[in-house]
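A short worksheet on the structure shown next.
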């Protein structure tokens with residue numbers, strides 16, 4: 003594990019940006035976040051020269067950004083996106099779940115609930131991004147502990163609306179959670 | 003040789019920037035130029051995975067920028083800067099020299115003349131960047147066909163003044179020429 007001073011030595015000013023994509027949704031909420039991600043992942047790729055790199059679908063925009071970056075910069079690295087792992091009640095596994103109280107952990111089910119509602123509507127033939135979004139918003143609104151940040155149905159490569167990837171970010175208490183689902187695919191969980 | 007559409011496919015938005023250094027001197031004169039250089043060189047490095055890459059001292063700021071970029075992004079590529087090659091009268095070889103008329107080609111000697119004046123002063127003990135700069139400006143001012151763009155004595159890694167690298171850009175007619183010299187090193191030519 004390299005130290006902070008190894009990764010960011012004095013005088014380093016080189017930054018990698020994936021324009022447009024890095025300004026959408028998570029990028030708009032977290033200025034500079036994706037520039038940091040793109041830069042440090044480029045450094046890790048340079049230091050390790052992998053043939054493949056695996057990123058979770060849970061951070062869908064990050065995975066899309068790194069996939070585009072690797073292609074745009076001819077890195078010759080295959081980016082593999084691995085499916086989200088869900089708990090028995092459908093909540094996406096995340097290190098942030100540890101910050102939730104028992105009550106908040108139950109409230110966190112509204113994220114996958116909203117995705118499930120959109121997916122059900124999609125299976126029933128709904129293709130209008132605005133109406134699909136309304137299904138998600140309604141589920142989130144029914145959870146008193148949830149403060150929705152965004153809920154959209156976007157293109158999975160550009161993260162612009164419309165599309166078929168349902169994405170959302172919700173604050174539960176002081177914890178910000180994100181989740182997403184490619185509409186039309188089974189949303190398997192035990193709930 | 004890859005085509006333009008291979009290098010810049012639709013939807014590519016990833017850009018590499020070497021901040022601060024890319025705004026100095028040549029960067030200030032040519033907005034976006036070094037972002038283009040950093041991005042395409044990153045792509046060429048990705049596509050070819052060289053152990054070493056050679057860049058000319060003639061484009062000193064470009065060589066410094068790529069050296070820093072390769073280090074900052076842990077590219078694992080050794081950047082080698084090769085000395086400027088000069089014609090028998092001291093004028094640095096450049097593809098742009100072909101655009102010069104015979105009269106302009108003679109006038110172009112003022113660039114190396116200015117560097118020689120600064121180098122002579124340096125050898126005589128002058129270390130003040132402002133005075134070294136004045137020596138260069140005086141030589142350029144004596145050439146009627148020359149329209150100086152900049153003449154500075156800068157740090158060879160940050161391109162901020164003061165330093166020991168004499169750099170200049172001069173328009174001769176419609177042709178913009180650049181040259182530089184690390185003060186204290188012999189400026190060998192046949193003039």
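Residue numbers (this note's numbering), protein chains in the order written: chain A, 3 to 193; chain B, 3 to 193. Ideal Cβ placement from N, Cα and C applies to all residues, glycine included. Keep in mind that this is a model prediction, so the values were computed, not measured.
Could you tell me the distance, in whole angstroms, from the CA atom of residue 180(A) to the CA atom of residue 169(A)? Your numbering for residue 180(A) matches position 178 in the first chain. Your numbering for residue 169(A) matches position 167 in the first chain. As the crow flies, the alpha-carbon of residue 180(A) is around 8 Å from that of residue 169(A).
Is there a Cβ of chain B sitting closer than 7 Å to that of residue 22(A), yes or no? The residue given as residue 22(A) occupies position 20 in the first chain. At a cut-off of 7 Å between beta carbons, residue 22(A) contacts chain B.
Start-end ranges of the alpha helix (DSSP H) lying completely within the stretch 104-172 of chain A, minimum 4 residues: Entirely contained in the stretch 104-172 of chain A, the alpha helix (DSSP H) runs reaching 4 residues are, in chain order, 104-109, 111-125 and 131-143.
Alpha-carbon to alpha-carbon, residue 99(B) and residue 141(B): Taking the second chain and counting its residues from 1, one reaches residue 141(B) at position 139. Taking the second chain and counting its residues from 1, one reaches residue 99(B) at position 97. Annotation: residue 141(B) to residue 99(B) spans about 20 Å, alpha carbon to alpha carbon.
Using a Cβ-Cβ distance cut-off of 7 Å, determine whether residue 65(B) contacts chain A. In the second chain, residue 65(B) corresponds to position 63, counting from 1. Not one chain A Cβ lies under 7 Å of residue 65(B).
Pairwise C-alpha distance: residue 111(B) and residue 52(B): Along the second chain, read from residue 1 onward, the residue named residue 52(B) stands at position 50. Along the second chain, read from residue 1 onward, the residue named residue 111(B) stands at position 109. If you draw a straight line from the Cα of residue 52(B) to the Cα of residue 111(B), it comes to about 36 Å.
CB contact check: residue 48(B) to chain A, cutoff 7 Å: Looking up residue 48(B) in the second chain gives position 46. Yes, residue 48(B) lies at the interface with chain A (some Cβ there is under 7 Å from its Cβ).
Inter-residue Cα distance where the pair is residue 193(B) and residue 93(B): Start at 1 with the first residue of the second chain, and residue 193(B) comes out as number 191. Start at 1 with the first residue of the second chain, and residue 93(B) comes out as number 91. Low confidence applies here, because residue 193(B) scores a pLDDT of 42, under 50, leaving its location unreliable; read the following figure in that light. Computed Cα separation, rounded: 9 Å.
What is the DSSP secondary structure of residue 84(A), reduced to helix, strand or coil? Position 82 of the first chain, counted from the first residue, corresponds to residue 84(A). Assignment of residue 84(A) by DSSP, reduced to helix, strand and coil, places it in the strand class.
At 3 residues or longer, and completely inside the stretch 12-44 of chain A: list those beta strand (DSSP E) runs for me, N to C. Correct list: 16-20.
Give a yes or no on whether 7 Å exceeds the smallest Cβ distance from residue 54(A) to chain B. As a working note, residue 54(A) is residue 52 in the first chain. Judged by the 7 Å Cβ criterion, residue 54(A) is not in contact with chain B.
Give the secondary structure of residue 95(A) by DSSP, where H, G and I count as helix, E and B as strand, and everything else as coil. Mapped onto the first chain, residue 95(A) falls at position 93. Correct three-state label for residue 95(A): coil.
In three-state terms, what does DSSP make of residue 174(A)? For this step, residue 174(A) is matched to residue 172 along the first chain. Looking at residue 174(A) - three-state DSSP - the assignment turns out to be strand.
At the 7 Å Cβ level, is residue 83(B) part of the contact set with chain A, yes or no? Walking along the second chain from the start, residue 83(B) turns up at place 81. Residue 83(B) does not count as touching chain A.
CB residue 123(B) to CB residue 113(B), shorter than 7 Å? Numbered from its first residue, the second chain carries residue 123(B) at position 121. Numbered from its first residue, the second chain carries residue 113(B) at position 111. With respect to residue 113(B), residue 123(B) sits apart: the two C-beta atoms are not nearer than 7 Å.
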